[in-house]
Amino acid sequence: MNDTVELRDHSNELRHFHIRLTICAISVLLLFGLLFSRFVYLQVLRGEHYTTLAEANRITILPLIPNRGLIFDRNGKILAQNYTAYTLEIIPDQVKNLESAIDKLATVIEITSEDRRKFNKLMRESTRFRSLPIRSRLTDIEVARFAENRYRFPGMDIKANLLRHYPQGELVSHVIGYIGRINDKDLEQLEIHKQLENYRGSLHIGRTGIEKSYENVLHGQTGFEQVETDAVGRPVRTLSRVAPVAGSDLTLSLDINLQQAAIRAFGDFRGALVAIDPSNGEILAFVSKPGFDSNLFVDGIDHLNWRLLNESMDRPLNNRALRGIYPPGSTFKPFMALAGLELGKRTPSYAINDPGFFSLPGSTHRFRDWKPGGHGRVDLHKSLVISCDTYYYMLAHDLGISNIHNFIGQFGFGKKTGIDIPGEADGLLPSPEWKKRRFNQNWFPGDTISVGIGQGFNLATPLQLTFATMLLANDGRAFKPHFVKQQTNHHENFIKDDFVEEMYRLDLKQEHLNHVKKALTAVTQPGGTASRAGADTTYTFAGKTGTSQVINIKQGERYIASKIDERHRDHALFTAYAPAENPRIVLTVLVENGGSGGSTAAPIARKVLDYFFLGIMPEPIEKSG
Amino acid sequence: MITLDVKKTWYYLTRYIDNFLLAGIFLLMLIGLIVLYSATGGNTTRVISQLLNMGIAFVIMWVVANVPLQKIMRLALPLYVLGIILLIAVALFGEIHNGARRWLNLGITRIQPSELLKIAVPLMMAWYFDKAQITLRWRNYVGAALILLLPVLLIARQPDLGTALLILASGLYVLFLAGLSWRIIVGLIVIAAISLPLFWNFGMHDYQRKRVMTMLDPSQDALGAGYHTIQSSIAIGSGGISGKGWQKGTQSQLDFLPEPSTDFIFSVFSEEFGLIGNGLLLLLYMIIIGRCLIIAAKAPTRFTRLVAGSITLTFFTYVFVNIGMVSGILPVVGIPLPLISYGGTSMVTILLGFGILMSIHTHPKLVRT
Chain V
1 MNDTVELRDH SNELRHFHIR LTICAISVLL LFGLLFSRFV YLQVLRGEHY TTLAEANRIT
61 ILPLIPNRGL IFDRNGKILA QNYTAYTLEI IPDQVKNLES AIDKLATVIE ITSEDRRKFN
121 KLMRESTRFR SLPIRSRLTD IEVARFAENR YRFPGMDIKA NLLRHYPQGE LVSHVIGYIG
181 RINDKDLEQL EIHKQLENYR GSLHIGRTGI EKSYENVLHG QTGFEQVETD AVGRPVRTLS
241 RVAPVAGSDL TLSLDINLQQ AAIRAFGDFR GALVAIDPSN GEILAFVSKP GFDSNLFVDG
301 IDHLNWRLLN ESMDRPLNNR ALRGIYPPGS TFKPFMALAG LELGKRTPSY AINDPGFFSL
361 PGSTHRFRDW KPGGHGRVDL HKSLVISCDT YYYMLAHDLG ISNIHNFIGQ FGFGKKTGID
421 IPGEADGLLP SPEWKKRRFN QNWFPGDTIS VGIGQGFNLA TPLQLTFATM LLANDGRAFK
481 PHFVKQQTNH HENFIKDDFV EEMYRLDLKQ EHLNHVKKAL TAVTQPGGTA SRAGADTTYT
541 FAGKTGTSQV INIKQGERYI ASKIDERHRD HALFTAYAPA ENPRIVLTVL VENGGSGGST
601 AAPIARKVLD YFFLGIMPEP IEKSG
Chain W
1001 MITLDVKKTW YYLTRYIDNF LLAGIFLLML IGLIVLYSAT GGNTTRVISQ LLNMGIAFVI
1061 MWVVANVPLQ KIMRLALPLY VLGIILLIAV ALFGEIHNGA RRWLNLGITR IQPSELLKIA
1121 VPLMMAWYFD KAQITLRWRN YVGAALILLL PVLLIARQPD LGTALLILAS GLYVLFLAGL
1181 SWRIIVGLIV IAAISLPLFW NFGMHDYQRK RVMTMLDPSQ DALGAGYHTI QSSIAIGSGG
1241 ISGKGWQKGT QSQLDFLPEP STDFIFSVFS EEFGLIGNGL LLLLYMIIIG RCLIIAAKAP
1301 TRFTRLVAGS ITLTFFTYVF VNIGMVSGIL PVVGIPLPLI SYGGTSMVTI LLGFGILMSI
1361 HTHPKLVRT
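Going down the list, the sequences are from chains V and W. The opening residue of the first sequence carries number 1 in the numbering used here; numbering runs sequentially from there. The opening residue of the second sequence carries number 1001 in the numbering used here; numbering runs sequentially from there.
Here is the structure:
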């Protein structure tokens, strides 16, 4: 009984389902019929009307690319400019046999295989109706030669484009950066920021450095031109025009001559130098050596140069001043000394007896001083002048890691300074919380000891070190480091020059600052670690040497520079300000694998200061080999 | 010695594939590639990348077609629950693009969970009906409606009205095919007609209102939102009866059409192949839909009937909405033309649906007792 009901229900359900499905099928037919009648309406009844419209659809809006803003140094010397370059472009659709046409073209002007490769790549990514460049930077002779033979090359034409040029090349590459061709990723970003419209027609966009961080200022406003075109889209007549507005020019605080002096002072060494004006935070020199030629990137870098730059052991693309992180070594000690005084753990007269090492209570592990046998009686002043390690091992132990982290963090270690070029590294000022997060390990008392002399987990960029020294030289005033001094737009008669920003002011006892600063001045005088670099100056300068370890030396072993591979040798550091009593410049020198700060880094700083105060330009080095 | 038995291998590869349906799909894909080549102005990279999309989608279809129905049925609930969890996650931590919160960043990849629901919702509703008693009561319909409304509202909130409406449609098809009484259907239509003005005023974003207004009168905003519709109509209309010929459509080739390789690819086809091409394309779609309806009609259980019917009608909805949009009888919503538009996600979703249909049709029929 039950079974028959179920069966009946089942067939009943199936019947209902089929009815509904039929209704759907009929609806599908009807709706497709509706679509088809719409096509009949559009394509047959109104076909002629729409054909006329399509024919008349010849009004195109062409973008007018604005001139990119120029970049100058503080003396008005040009660092980035535009020039008109002639580019040979091809519309692939209008060329019958592309390969043989290009072969023929190559008999008139030079087309390298690299040019062809780039052109083929562009062609794959674009449509056959777009005009694509095959050769850029044609010489006047080449332009003339092509013009003569132009009738032989339908679908090819010469166009004038503005190209970017960096006349100072390698000298400022790490500051100015470069522009590159806009790619799909850029387009995505532009769309998100609702900027796509303004980049219609633009070929380039800032990739690194000032060119990137000030992109929206440098680029300008794209104009538009409504034109009537012929059947293949070539403009015939202009109907209306909105002129483009050129980008703003930028004047940097950078002094190209000081920059030059710094690079020469480095000689053969790799490294970084940052010089800043302590009264406002303006960057005066910013060197990462070796640099590279920014011009290589403007039109897409070729394979060979890219490999040379990217695979070089010297890592020329690495911005060491901005992104290189190094243990600050002994340049960390002035801040430790100030912490000791400010937090009441040391007085200027308190002295230790240095046996040449320090051990934690109950431990046999020896934290060694750089000088075997030790320095004897050491007070605060002497500890900085001769850079005693034991003094700071003890101080670090007495302060504890939290005090060190909180006090020294105020000088900007472990965080970005906020400088106006992109890609700055954070550096690292360790704390127990950080270690837990990073390694899931507890902080050991031994970790604190090496932090005291700027080793251990400590990492800082040359920029951060300069920033911290600026605070010292300024008695606690922090200015944001920045490159741009002035922004000018001639079209809009607009000048902006309020780029100086005082970030904060540390509340430090003047008496404590004076003790530390007096010791730093003594560093460059007889008896100090930088006495040789400080000999016979007509101005006073204060500083601190430092050495940052590249490899660890085992317990009981000694570091002997001559026995260690050049690339594993210590980095030399020197951070300084001058004149000592009224600082006008603060600078940090880092010499990669340079050995000790006093012998390599400090002399470089001296040469740069000699140029800054006395105008003595170092001799260029003779390239040997 | 082992000899590779070609015949046997071939049998195992194709035993769960419906050849008739497959032929239709391949034909449409081929047309899609030909139009894409023209729409991108001869860009082979795009065509190759689309071939890759098709390959991936095809493999997924094959795998799904080989899965027995009981397994697919068992997946209905987990898939649905997972989809809802992901939608809630999107509402809480989703990434915002163009003012809508649709994407979920999983660290390695970003996903758009609403895509999953396109399949999961009809599966879940059909499963729910299948679990009910032989005779469906009104509370079963209420339950199914709730299953449907939860994801639809979550997606509409993102806001992604287009996808929400599509999923709503796929669910309404299930309700309709499950035998929802005519009185209720008429009642719902009346309620919808009354609430439409309210929805217009309070339930829509400005840009959505603008789209509808533009559809009603494109010339109102000829250089803004109406531009797409006008240019697309010009493309179709100027194609005439026989079309301008492959790669010869001036509207498409001179960049007058928006997104000629995705949402507006039909305009390109229409301009270049004319009324004759359009008629043949519609016929091809109709044949595929007809075949799918037959599969639904022959399906053995309530679950399979409802799933097959809903997938088929949703496929039709895609085709109708896309073509209706580009020919100016529906508002511009971002819906691709199935099997023809460029893009991997929609290709996978569509072929996944066909995979389920094939599985329904080719696996041994189990009569429900």
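C-beta: ideal position from N, C-alpha, C; glycine also. Source: prediction; values computed, not measured.
Inset, instruction - Return no unless some Cβ of chain V is closer than 9 Å to the Cβ of W:A1189. - result: Looking at the sequence provided, one finds Ile at residue 1189 of chain W rather than Ala. Cβ-Cβ to chain V under 9 Å: no for W:I1189.
Inset, instruction - Please name the residues in the segment 21–52 of chain V whose beta-carbon is closer than 8 Å to at least one beta-carbon of chain W, in chain order. - result: Within the segment 21–52 of chain V, the residues whose Cβ lies closer than 8 Å to some Cβ of chain W are L21, C24, A25, V28, L29, L31, F32, L34, L35, F36, R38, F39, V40, L42, Q43, V44, R46, G47, H49, Y50 and T51, listed in chain order.
Inset, instruction - Check whether the Cβ of V:D93 lies closer than 9 Å to any Cβ atom in chain W. - result: By this cut-off, V:D93 is an interface position.
Inset, instruction - Pull out every residue of the segment 1266–1287 of chain W whose Cβ sits closer than 7 Å to any Cβ of chain V, in chain order. - result: Within the segment 1266–1287 of chain W, the qualifying residues are G1274, L1275, N1278, G1279, L1282 and M1286.
Legend entry - DSSP bridge partner residues for V:M156 (one or two, in chain order): Residue pairing of V:M156 in beta bridges, as defined by DSSP: V:I90.
Legend entry - Any chain W beta carbon closer than 9 Å to V:A54: Chain W, which has a Cβ nearer than 9 Å to the Cβ of V:A54, makes this yes.
Legend entry - W:L1296 at chain V interface by Cβ criterion, 9 Å: Before going further, note that residue 1296 of chain W is Ala rather than Leu in the sequence given. Contact of W:A1296 with chain V is assigned, a C-beta pair being separated by under 9 Å.
Inset, instruction - Report the rounded CA-to-CA distance for V:T529 versus V:T540, giving the unit in angstroms. - result: Answer to the nearest angstrom: the Cα atoms are 15 Å apart.
Legend entry - Residue range of the unbroken alpha helix (DSSP H) whose run includes V:F574: It is not in any alpha helix (DSSP H) - V:F574 instead sits in the beta strand (DSSP E) that spans H571 to A578.
Inset, instruction - Kindly list the residues whose CB is nearer than 7 Å to the CB of V:D186, restricted to its own chain and excluding five residues on each side of it in sequence; keep chain order. - result: So the list reads I205, once near-sequence residues are dropped.
Legend entry - Buried/exposed call for V:N75, threshold 16 Cβ in 10 Å: With fewer than 16 Cβ atoms within 10 Å of its Cβ, V:N75 is classed as exposed.
Inset, instruction - Would you mind sorting V:E581 into buried or exposed? The rule is 16 or more other CB atoms within 10 Å of its CB. - result: Flag for V:E581 reads exposed.
Inset, instruction - Say yes only if the C-beta of V:N582 is nearer than 8 Å to one or more non-hydrogen atoms of the ligand NAD, and no if none qualify. - result: This structure simply doesn't include the ligand NAD, nor any ligand for that matter.
Legend entry - Euclidean distance between Cα positions of W:T1301 and W:I1234: Linking W:T1301 to W:I1234 through their CA atoms gives a straight-line distance of about 48 Å.
Inset, instruction - Examine chain V for any beta-carbon lying closer than 9 Å to the beta-carbon of W:R1368, and answer yes or no. - result: Its pLDDT being 47, under 50, W:R1368 is placed unreliably by the model, and the measurement read from it follows with that caveat. So yes, W:R1368 belongs to the interface.
Legend entry - Cα-Cα separation, V:F332 to V:D389: About 11 Å.
Legend entry - Start-to-end residues for the alpha helix (DSSP H) that takes in W:I1056: It spans T1044 to N1066 - the alpha helix (DSSP H) in which W:I1056 sits, taken as one unbroken run.
Legend entry - Three-state secondary structure assigned by DSSP to V:V550: Three-state DSSP puts V:V550 in coil, outside helix and strand.
Legend entry - Enclosing alpha helix (DSSP H) for W:V1190 [first to last residue]: That run of the alpha helix (DSSP H) goes W1182 to L1198.
Legend entry - Those residues which DSSP pairs with V:I283 across a bridge: Per DSSP, V:I276.
Legend entry - Residues bridged to V:G376 [DSSP beta-bridge criterion]: Its beta-bridge partners are V:D354.
Inset, instruction - State buried or exposed for V:A535, treating a residue as buried only when at least 16 other CB atoms are found within 10 Å of its CB. - result: Exposed is the call here.
Inset, instruction - For W:G1239, return the contacting residues in chain V, with the cut-off set at a CB-CB distance below 7 Å. - result: In chain order: Q43.
Inset, instruction - Say whether the segment 294–304 of chain V touches the segment 276–286 of chain V, bearing in mind that this needs 3 or more beta-carbon pairs closer than 8 Å, one atom from each stretch. - result: The segment 294–304 of chain V makes no contact with the segment 276–286 of chain V, as fewer than three CB pairs between them are under 8 Å.
Legend entry - Integer-rounded CB distance, given that V:I141 should sit under 8 Å from V:I176: The C-beta separation of V:I176 from V:I141 comes to about 31 Å, leaving the pair out of contact by the 8 Å criterion.
Inset, instruction - Could you name the residues of chain V that W:L1177 contacts, counting a contact when the two beta carbons are closer than 8 Å? - result: By Cβ distance, chain V contributes F17, R20, L21 and C24.
Legend entry - Whole-angstrom distance between W:V1307 and W:A1126, CA atom to CA atom: Roughly 6 Å separates the two Cα atoms.
Inset, instruction - Could you please tell me which residues of the segment 1332–1349 of chain W, in chain order, have their CB closer than 9 Å to any CB of chain V? - result: Residues of the segment 1332–1349 of chain W with a C-beta atom less than 9 Å from some C-beta of chain V do not occur.
Legend entry - Per DSSP, the bridge partner or partners of V:I585: Answer by DSSP bridge pairing, in chain order: V:A578.
Inset, instruction - Taking only beta-carbon positions, decide if V:R124 is within less than 9 Å of chain W. - result: Taking Cβ atoms only, chain W reaches closer than 9 Å to V:R124, which makes this a yes.
Inset, instruction - Look up V:N198 in the DSSP assignment and give the residues it is bridged to. - result: As DSSP reads the structure, V:N198 sits in no beta bridge.
Inset, instruction - Could you tell me whether the Cβ of W:F1316 comes closer than 9 Å to any Cβ of chain V? - result: Chain V contact via Cβ: present.
Legend entry - Proximal residues to V:K159 (C-beta, below 6 Å), its chain only, five neighbours per side dropped: Answer for V:K159: T87 and E89, listed in chain order.
Legend entry - chain W contact for V:E282 (CB, 9 Å cutoff): Judged by the 9 Å Cβ criterion, V:E282 is not in contact with chain W.
Inset, instruction - For V:G271, collect the residues of the same chain with a Cβ closer than 6 Å to its Cβ; drop the 5 residues on either side in sequence, then sort them by chain order. - result: Around V:G271: K289, L590, V591 and E592.
Inset, instruction - Leaving aside the five residues before and after V:K104 along the sequence, list all residues of the same chain whose C-beta is less than 8 Å from its C-beta, in chain order. - result: Taken in chain order, the residues that qualify are R152 and F153.
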